[in-house]
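The next block holds one structure in the form of structure tokens; read it before the comments.
2 protein chains.
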Amino acid sequence: MFKARSVLVTGSNRGIGLEFVKQLIQLPNPPEHVFACCRSPENAVELKNLVSENPSLKVIKLELEDYTSIEEAGKQVEQVVGENGLNVLINNAGYFGVSEMNEKLEDVTPESLTKHFNINAIGPLMVTKRLLPLIRCAAQQGVGDEMSASRAAIINITTKCASIADNGSARMYGYRTSKIALNMINKNLAVELKPDNILCVLMHPGWMKTDMTGPNALITTEESVRPMLDVIGSRRREHNGLLFDYKGNLIPW
Amino acid sequence: MFKARSVLVTGSNRGIGLEFVKQLIQLPNPPEHVFACCRSPENAVELKNLVSENPSLKVIKLELEDYTSIEEAGKQVEQVVGENGLNVLINNAGYFGVSEMNEKLEDVTPESLTKHFNINAIGPLMVTKRLLPLIRCAAQQGVGDEMSASRAAIINITTKCASIADNGSARMYGYRTSKIALNMINKNLAVELKPDNILCVLMHPGWMKTDMTGPNALITTEESVRPMLDVIGSRRREHNGLLFDYKGNLIPW
Chain A
9 MFKARSVLVT GSNRGIGLEF VKQLIQLPNP PEHVFACCRS PENAVELKNL
59 VSENPSLKVI KLELEDYTSI EEAGKQVEQV VGENGLNVLI NNAGYFGVSE
109 MNEKLEDVTP ESLTKHFNIN AIGPLMVTKR LLPLIRCAAQ QGVGDEMSAS
159 RAAIINITTK CASIADNGSA RMYGYRTSKI ALNMINKNLA VELKPDNILC
209 VLMHPGWMKT DMTGPNALIT TEESVRPMLD VIGSRRREHN GLLFDYKGNL
259 IPW
Chain B
9 MFKARSVLVT GSNRGIGLEF VKQLIQLPNP PEHVFACCRS PENAVELKNL
59 VSENPSLKVI KLELEDYTSI EEAGKQVEQV VGENGLNVLI NNAGYFGVSE
109 MNEKLEDVTP ESLTKHFNIN AIGPLMVTKR LLPLIRCAAQ QGVGDEMSAS
159 RAAIINITTK CASIADNGSA RMYGYRTSKI ALNMINKNLA VELKPDNILC
209 VLMHPGWMKT DMTGPNALIT TEESVRPMLD VIGSRRREHN GLLFDYKGNL
259 IPW
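Sequence order for the protein chains is A and B. The numbering of the first sequence is this note's numbering, which starts it at 9 and goes up by one. The numbering of the second sequence is this note's numbering, which starts it at 9 and goes up by one.
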């Protein structure tokens, strides 16, 4: 069961991010604070509707390529959580260049590689860097060396496409390289923040029916996020640094 | 034993790259053409001296962040190898931000991440893209489905630091993320170019005493490159897409 006092979700205006927010506020013991970050709060109609019925929900502007917006978002979260800090950061926002789905070596461009890397690797890392003091603050209120989302956790949403071992179909150079960079970032964080008892876990949400994917997708966002929240809630010290699918199965590097 | 008609090495003005060139031209059966690529041929004193005694050696300007130079280098190689194509491309040039050696999350900058990614991931991929027609040309002259450096191979020089499984000390965000991106690129190439019988292999050269490393290095460039050439020369179809150290040991992802 997922239980945390405060949770921040990036890319929460649609797809998995929106579903995370919906399910978090509907939990039997919902978080006191859910921060729904997105690029254009003014256009996030569904989030706006949710806010009107849920005072625990706060919509915040955050754009992964705009570091000023990351700084500003950090300040807003700080003001709300105060000394309790932030328990869970879900780095969900990402980019997938649909037109690169079938790209071969001849089609690869530096522009596509750069855009994917900026959004999928540098972005989440900069968000994590900004929020680290708040996450540390939450971690310090836990007991002993326990590690869990109830204390402090950084959840990085990645993809099975970023498994070298699993890669049997090539293509998607930008998506694969940027997401495997995120996997390495998660491992770095897991090692570096272990003394702080901050759990760092990678999640593959499954092939979902979102704006990003096509008709080949297998599950709905609801079918992905429901088990994923349980998996995140049940991760402990022994899972730190690893990659799981939404059902809790370990995915090889 | 390493044997190939033509070999191109990037970053060959010093360190491992220079050592590759030296040992290639000293082989009992040296390549007909060795292309030593570097950013500033005019300043590459050691390469210049080698050229004067070795007509098989050609020094070519190539800068990983300058795509015009990659295009120009491709044209020069084309003119020399003609219809025989290029047998072996060794993507050796790379970047390691020494000042990031001990960087923690608080120290990470987008600039460092970008520079590492540009040079260590995008650069080698753009070089490979430009030279692919020449490598394909060499591959087409082989027999059946054999795969080896004697036919056609892309060798990507990476690092054990880019192994998530092996990462127990964190730090070096830019170096680790860019080199693991290169590992994914190699796997993509291995899958994509398998029907062309082009071998794609990653090599970890060991901790060498070069300008890039410090006094903790374990071996000289000569002690790295000598066994590495043998390992490259003995890689076959079953090794395609994998990562080996300079002694031929498999490194996990």
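Ideal Cβ positions, reconstructed from N, Cα and C, are used throughout, including at glycine. Remember, predicted model here, so these are calculated numbers, not experimental data.
Coil, strand or helix - Ile259(A) by DSSP:
coil
Alpha carbon to alpha carbon, how far is His247(A) from Gln34(B)?
50 Å
Distance between Ser177(B) and Asn110(B) (C-alpha atoms, nearest Å)
10 Å
DSSP three-state label for Met180(A), please.
coil
When you compare only the Cα positions, how much space is there between Leu32(B) and Asp238(B)?
11 Å
Mind checking whether Ile193(A) and Tyr181(B) have CB atoms under 8 Å apart?
yes
Are the beta-carbon atoms of Ala101(A) and Val67(A) separated by less than 8 Å?
no
Start and end of the beta strand (DSSP E) containing Val42(B)?
His41 to Cys46
To the nearest angstrom, how far is it from the Cα of Lys69(B) to the Cα of Thr117(B)?
30 Å
Taking just the CA atoms, how far does Ser156(A) sit from Val29(A)?
19 Å
For the region 56–67 of chain B against the region 127–142 of chain B, are there 3 or more C-beta pairs whose distance is under 8 Å?
no
Can Glu80(B) and Leu113(A) be called in contact, C-beta distance under 8 Å?
no
Using three-state DSSP, classify Ala161(A) as helix, strand or coil.
strand
Going by alpha carbons, who is nearest to Gly82(A) out of Asp153(A), Ile143(A), Ile240(A) and Arg234(A)?
Ile143(A)
State yes or no: is the beta carbon of Glu118(A) nearer than 8 Å to at least one beta carbon in chain B?
Per the sequence shown, the amino acid found at residue 118(A) is Pro instead of Glu. Pro118(A) counts as touching chain B.
Excluding five sequence neighbours on each side, which residues of the same chain lie with their C-beta closer than 6 Å to the C-beta of Leu121(A)?
Gly182
Neighbour-count burial assignment, Ser232(B), 16 or more Cβ in a 10 Å radius
buried
Within-8 Å CB hit, Leu113(A) to chain B
yes
With 16 as the cutoff for other CB atoms within 10 Å, does Gly90(B) come out buried or exposed?
exposed
In the DSSP output, what is Asn99(A) paired with across the bridge?
Asn164(A)
For the region 153–182 of chain B, list every residue whose C-beta sits within 9 Å of some C-beta in chain A, in sequence order.
Ala170, Ser171, Ile172, Ala173, Asn175, Gly176, Ser177, Ala178, Arg179, Met180 and Tyr181
Strand pairing of Lys66(A), partner residues [DSSP]:
Phe43(A)
Is the separation between the beta-carbon of Ile98(B) and that of Val17(B) shorter than 8 Å?
yes
So which residues on chain A does Phe184(B) lean against when the C-beta distance must stay under 7 Å?
Per the sequence shown, residue 184(B) should be read as Arg rather than Phe. Met192 and Asn196, listed in chain order.
Taking only three categories from DSSP, how would you classify Ile15(B)?
Going by the sequence as given, residue 15(B) is Val instead of Ile. Note: Val15(B) maps to strand in three-state DSSP.
Cβ-Cβ separation, Asn164(A) to Asn196(B) (assumed contact under 8 Å), whole Å:
At roughly 22 Å, the Cβ-Cβ gap does not stay under 8 Å, so Asn196(B) and Asn164(A) are not in contact.
Phe252(A), enclosing beta strand (DSSP E) - first and last residue
Leu251 to Asp253
Any chain B beta carbon closer than 8 Å to Thr18(A):
no
For Asn95(A), collect the residues of the same chain with a Cβ closer than 8 Å to its Cβ; drop the 5 residues on either side in sequence, then sort them by chain order.
Ala12, Arg13, Ser14, Val15, Pro39, Ile143, Ala146, Ala157, Ser158, Arg159, Ala160 and Ala161
Within a Cβ cutoff of 6 Å, which residues of the same chain sit near Lys137(A), ignoring the five residues on either side of it in sequence?
none
Starting from Cys145(A), trace the beta strand (DSSP E) in both directions and tell me its first and last residue.
It is not in any beta strand (DSSP E) - Cys145(A) instead sits in the alpha helix (DSSP H) that spans Gly131 to Ala147.
Nearer than 7 Å: is that true of the beta carbon of Ile162(B) relative to any heavy atom of the ligand FMN?
Absence of the ligand FMN is noted for the structure shown, with no ligands found whatsoever.
Verify whether the separation of the beta carbon atoms of Val135(A) and Ile78(A) is less than 8 Å.
yes
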